[in-house]
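> Let me give you the structure first, and then I'll get to my questions.
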Amino acid sequence: MTRRILLVNGPNLNLLGTREPEIYGSDTLADVEALVSRVAGEFSLEVRAMQSNHEGEIIDAIHAAREDCAAIIINPGAFTHTSIAIRDAITGVELPTAEVHISNVHAREEFRHHSYLSGIASCVIVGCGVQGYDFAVRRLATLLAG
Ligand code: CA2
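Below is the structure:
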């Protein structure tokens, strides 16, 4: 069986650690990707990490995961609240998927309260800072162990 996780970070998450530390903390995207790889390694899982500001690129990466990944971790950024297309891509590939949000979206603006993904995600981790990615790896490893 494939032992790889696709890690997807959506729009503006390339700015992690450079601005708004009061909301998103001080870790960079590179720190997050290293964290996910380290935790995944504990379970003999590899990681393919990608970040994109473009919805279509994210959809293409999700489709490609069907070939060689066992699970997906995704923080879709603001596409969380807008993208039926990303939801459909995840539904289409039928891979267990963890949705992660660094901030507590439910304590923020009303428009962040709804996620198009949450209804089809295997788990949703919100407001745990970047530690949420750590939790996501551990949950997916549990699910993959079946
Ligand atoms: O809390 C999260 O992880 C979000 O997915 C982050 C998105 C936001 O649109 C969602 O509502 C919640 C925004 C990511 C922007 O990241 C930045 C990081 C540093 C500086 C500026 C933006």
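Residues in the sequence shown are numbered from 44 upward in steps of one, following our numbering. Glycine residues also receive a C-beta, built at the ideal position from the N, C-alpha and C atoms.
In three-state terms, what does DSSP make of T125?
For this step, residue 125 is matched to residue 82 along the sequence shown. The answer is coil: DSSP assigns T125 none of H, G, I, E or B.
> Check whether the Cβ atoms of T71 and G60 sit closer than 8 Å, and answer yes or no.
To locate residue 71, count along the sequence shown from 1; it is residue 28. To locate residue 60, count along the sequence shown from 1; it is residue 17. In this structure, G60 lies closer than 8 Å to T71 by Cβ.
> Anyone know if the C-beta pair for A114 and L183 falls short of 8 Å?
Along the sequence shown, read from residue 1 onward, the residue named residue 114 stands at position 71. Along the sequence shown, read from residue 1 onward, the residue named residue 183 stands at position 140. Yes. Within cutoff.
> Take R130 and list the residues in its own chain whose beta-carbon comes closer than 7 Å to its own, dropping the five residues that flank it on each side.
The residue given as residue 130 occupies position 87 in the sequence shown. The residues are Y159, L160, I163.
> Please list the terminal residues of the continuous beta strand (DSSP E) segment that includes V169.
Here the question's residue 169 lines up with position 126 in the sequence shown. 166-169 is the span of the beta strand (DSSP E), which, as asked, contains V169.
> Straight-line CA distance for G135 to D103?
As a working mapping, residue 135 is identified with position 92 in the sequence shown. As a working mapping, residue 103 is identified with position 60 in the sequence shown. A straight-line Cα-Cα distance of about 12 Å links G135 and D103.
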